[in-house]
């Protein structure tokens with residue numbers, strides 16, 4: 001058997017540490033892209049003010065390592081993208097950035113989806129954004145950055161017992177199971 | 001190759017079935033060796049304390065081994081993507097502990113309709129009931145007694161998990177329609193037990209539980225099994241089960257760390273490697289006298305694979321529901337449409353199960369149904385109206401066991417030990433497509449009855465409109481009534497090899513319309529009782545007895 005397994009390692013939990021270092025131009029490009037995807041406002045910060053670049057730095061696969069886990073960004077190729085975007089995005093108008101992102105979404109939907117998803121995952125993990133959710137959204141007053149260690153048992157409502165009291169139902173006993181007519185089902 | 005390891009019983013696989021088997025046998029002093037190809041998982045390997053916890057669902061906590069690609073995983077090719085974990089605890093490492101039981105009718109679907117490969121179970125609900133109770137006691141379940149749609153069950157170890165806003169909201173919908181519903185039983189601690197902590201409703205159940213609150217096998221059965229003296233060998237990947245003169249004699253395994261091969265000799269072998277791994281191992285164990293794989297003289301090993309038929313239905317409402325809290329997939333269930341009614345155009349039935357929504361990023365990413373928040377100017381409004389306003393209803397249907405839905409070997413891909421990949425073929429039956437389409441409409445009615453719905457999205461029928469479901473792997477080495485309809489007799493002895501047992505979800509003849517772990521584990525407890533009580537009978541058998549001739553349990 002000549003086949004070889006590629007299952008040889010595990011992705012580091014929390015991303016690669018300390019993460020790659022982007023150039024100033026690359027940082028500006030990535031911030032511009034992220035701000036175009038999630039504009040700040042209405043009490044929520046722009047991604048560029050939340051350290052979104054640092055999040056990407058941990059989840060872009062460093063050179064020399066196969067990019068085989070989500071978001072499948074290899075360092076060399078990702079840097080090249082950012083360098084190209086630096087020329088297009090930075091200094092562009094808001095409308096111009098939207099046009100560039102729209103074109104990317106149309107031309108490379110798979111790549112765009114991974115980029116967008118990573119921005120969403122990173123942005124909604126930042127403490128500044130969690131604080132904004134707490135401050136601005138009734139559904140997120142006590143939402144936390146991580147599920148543990150605190151959990152939410154301090155604010156869980158019990159069942160409405162009046163609803164439970166009205167529940168009706170039945171089940172077939174073993175001896176009551178009868179043959180049904182299946183011939184007309186057309187299966 | 002070292003071959004100086006001898007034991008009474010060799011168990012292959014340390015997941016739900018293997019753990020229950022190992023512990024229950026060792027309670028009575030039976031010497032057990034268990035081989036597990038994965039490692040122990042440390043609490044800090046869960047993602048719950050990392051700010052990137054939602055990202056890790058796609059990486060280290062990716063459920064599909066073909067995407068996760070851990071060294072202990074093996075590739076699975078084909079047209080479905082089964083979701084499993086390899087390690088001490090098996091796939092219970094990433095399950096949420098939803099803990100329904102099969103219902104009496106589930107054991108008699110052969111009598112009821114017998115479509116495709118549907119057979120009656122060789123046992124009844126009543127015969128399995130006491131083992132459900134033993135197993136529940138081992139784990140510690142949270143239950144509200146009194147569900148009129150199921151046989152009575154004992155009080156739980158702790159009170160039922162709270163429903164919070166999502167539970168009460170959807171309960172009100174079922175209530176307005178006059179449909180059955182009931183708070184879900186979960187293998188989750190709401191009262192402390194052993195060294196495990198009480199659930200604190202953190203909401204990320206499907207990433208496993210660093211508190212030990214969820215009844216995964218690594219924190220329930222294994223500590224006690226090891227205290228009993230079970231020799232649990234991790235990173236031990238079995239490549240073949242050995243036989244001589246028609247009996248299993250043990251297994252050869254590869255130490256994944258050193259690469260060395262070892263042989264374990266045993267008087268009884270139990271395989272519990274899940275519905276993909278078990279047929280894979282049996283087929284890999286092709287040898288003289290077993291030309292088509294072990295226990296496969298009738299060609300049924302790997303067949304009748306079931307996943308449940310499935311649809312996710314996401315609903316958003318105009319009020320805060322805070323679905324990032326509480327038990328993730330097991331809030332409540334409705335079994336209003338569980339029983340067969342052929343006037344609907346199909347046999348079997350389904351559960352409507354209510355679940356929650358995880359965190360903010362998952363909400364932006366479309367929750368369970370790809371309803372992704374738009375980027376740009378519309379992002380903020382969409383996110384703010386969707387996050388924390390969601391309830392999930394998933395339609396979990398019983399899929400027919402079909403001969404051609406099966407697991408085979410694929411030598412084009414191998415694991416790190418050079419062993420062939422499992423290959424899966426699964427096609428949803430027309431009956432099951434109709435069932436889910438009907439269920440989707442009922443789920444929508446329940447959400448509308450709850451009132452205030454603002455948005456809706458669906459996966460459609462899984463395996464038809466998109467990827468198939470893969471988290472409930474069942475069938476493939478089922479127990480049955482004769483050597484012609486199954487791989488094992490009613491005590492899980494393979495028809496071909498009397499001292500070779502199979503006790504995992506592959507043993508299920510049919511899949512019911514509920515989560516399967518409580519049932520497969522109760523079956524493993526029952527099989528362990530048989531091995532304990534009939535040890536000498538089993539060792540004297542040269543052929544597997546028929547169900548009628550087998551000694552009483």
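Residue numbers (this note's numbering), protein chains in the order written: chain A, 1 to 187; chain V, 1 to 553.
Ideal placement from N, C-alpha and C gives every residue a C-beta, glycine not left out.
Distance check for residue j and residue i, CA to CA, integer angstroms please.
i                      : j                      : result
residue 141 of chain A : residue 130 of chain A : 9 angstroms
residue 435 of chain V : residue 350 of chain V : 8 angstroms
residue 175 of chain A : residue 169 of chain A : 18 angstroms
residue 228 of chain V : residue 143 of chain V : 29 angstroms
residue 424 of chain V : residue 74 of chain V  : 13 angstroms
residue 417 of chain V : residue 495 of chain V : 30 angstroms
residue 112 of chain A : residue 12 of chain A  : 24 angstroms
residue 370 of chain V : residue 250 of chain V : 47 angstroms
residue 182 of chain V : residue 354 of chain V : 10 angstroms
residue 210 of chain V : residue 44 of chain V  : 7 angstroms
residue 90 of chain A  : residue 153 of chain A : 46 angstroms
residue 383 of chain V : residue 456 of chain V : 14 angstroms
residue 475 of chain V : residue 219 of chain V : 26 angstroms
residue 564 of chain V : residue 399 of chain V : Beyond the ends of chain V as shown, which are 1 and 553, falls residue 564 of chain V; an answer cannot be given.
residue 1 of chain A   : residue 422 of chain V : Note that residue 1 of chain A scores a pLDDT of 48, beneath 50, so its modelled location is shaky and nothing firm can be said.
residue 311 of chain V : residue 439 of chain V : 8 angstroms
residue 125 of chain A : residue 120 of chain V : 50 angstroms
Could you give the residue range of the alpha helix (DSSP H) that holds residue i?
i                      : result
residue 314 of chain V : It is not in any alpha helix (DSSP H) - residue 314 of chain V instead sits in the beta strand (DSSP E) that spans 309-317.
residue 66 of chain V  : 65-68
residue 227 of chain V : 221-227
residue 114 of chain A : 109-123
residue 88 of chain A  : 75-89
Go to residue i, then tell me how far its beta strand (DSSP E) extends in each direction, as first and last residue.
i                      : result
residue 593 of chain V : Past the edges of chain V, shown from 1 to 553, lies residue 593 of chain V, and the structure says nothing about it.
residue 441 of chain V : Segment 430-450 is the alpha helix (DSSP H) holding residue 441 of chain V; no beta strand (DSSP E) there.
residue 38 of chain A  : Careful: residue 38 of chain A lies outside any beta strand (DSSP E) and carries neither H nor E.
residue 249 of chain V : 247-255
residue 144 of chain V : Run containing residue 144 of chain V: none; DSSP gives neither H nor E here.
residue 25 of chain V  : Premise fails: residue 25 of chain V lies in the alpha helix (DSSP H), 16-27, not in any beta strand (DSSP E).
For residue i, return the contacting residues in chain A, with the cut-off set at a CB-CB distance below 8 angstroms.
i                      : result
residue 149 of chain V : 169, 170, 171
residue 431 of chain V : 185, 187
Residue i by DSSP, collapsed to three states: which one?
i                      : result
residue 536 of chain V : helix
residue 26 of chain A  : helix
residue 5 of chain V   : strand
residue 1 of chain A   : Its pLDDT being 48, under 50, residue 1 of chain A is placed unreliably by the model, and the measurement read from it follows with that caveat. Correct three-state label for residue 1 of chain A: coil.
residue 6 of chain A   : coil
residue 277 of chain V : helix
residue 417 of chain V : coil
residue 140 of chain A : helix
residue 77 of chain V  : strand
Listing by chain order, which chain V residues have their CB less than 9 angstroms from the CB of residue i?
i                      : result
residue 3 of chain A   : 411, 412, 413, 414, 418, 420, 421
residue 111 of chain A : Neighbours of residue 111 of chain A on chain V: none; closest Cβ ~14 angstroms, over 9 angstroms.
Run down chain A in chain order and give the residues with a C-beta less than 7 angstroms from the C-beta of residue i.
i                      : result
residue 70 of chain V  : 7, 10
residue 324 of chain V : 143
residue 384 of chain V : 137
Residue i touches chain A at which residues, Cβ-Cβ below 9 angstroms?
i                      : result
residue 438 of chain V : Correct list: empty, because the minimum Cβ distance to chain A is about 13 angstroms.
residue 335 of chain V : 169, 171
residue 346 of chain V : 185, 187
Can you pull the chain V residues whose beta carbon is under 7 angstroms from the beta carbon of residue i, in chain order?
i                      : result
residue 59 of chain A  : 55
residue 14 of chain A  : 50, 52
residue 179 of chain A : 111, 112
residue 68 of chain A  : 69
residue 98 of chain A  : 376
residue 73 of chain A  : Neighbours of residue 73 of chain A on chain V: none; closest Cβ ~12 angstroms, over 7 angstroms.
So, is the C-beta of residue i closer than 7 angstroms to a C-beta in chain C?
i                     : result
residue 80 of chain A : The question asks about chain C, but that chain is absent: this structure's protein chains are A and V.
For the ligand FMN, is there any heavy atom lying closer than 6 angstroms to the beta carbon of residue i?
i                      : result
residue 163 of chain V : What this structure holds is no ligand at all, so the ligand FMN is not there to describe.
Residue i: which of the options sits nearest, CA to CA?
i                      : options                    : result
residue 386 of chain V : V/400, V/402, V/162, V/365 : V/365
residue 65 of chain V  : V/58, V/51, V/83, V/55     : V/83
residue 182 of chain A : V/346, V/454, V/493        : V/346
residue 187 of chain V : V/223, V/507, V/16         : V/16
residue 151 of chain V : V/225, V/124, V/39, V/414  : V/124
residue 177 of chain A : V/114, V/527, V/137        : V/114
residue 18 of chain V  : V/208, V/274, V/27         : V/274
residue 132 of chain A : A/102, A/42, A/35, A/38    : A/42
residue 529 of chain V : V/29, V/276, V/194         : V/29
residue 119 of chain A : A/49, A/6, A/10            : A/49
residue 171 of chain V : A/97, A/159, A/103         : A/159
residue 1 of chain V   : V/47, V/184, V/58, V/261   : V/261
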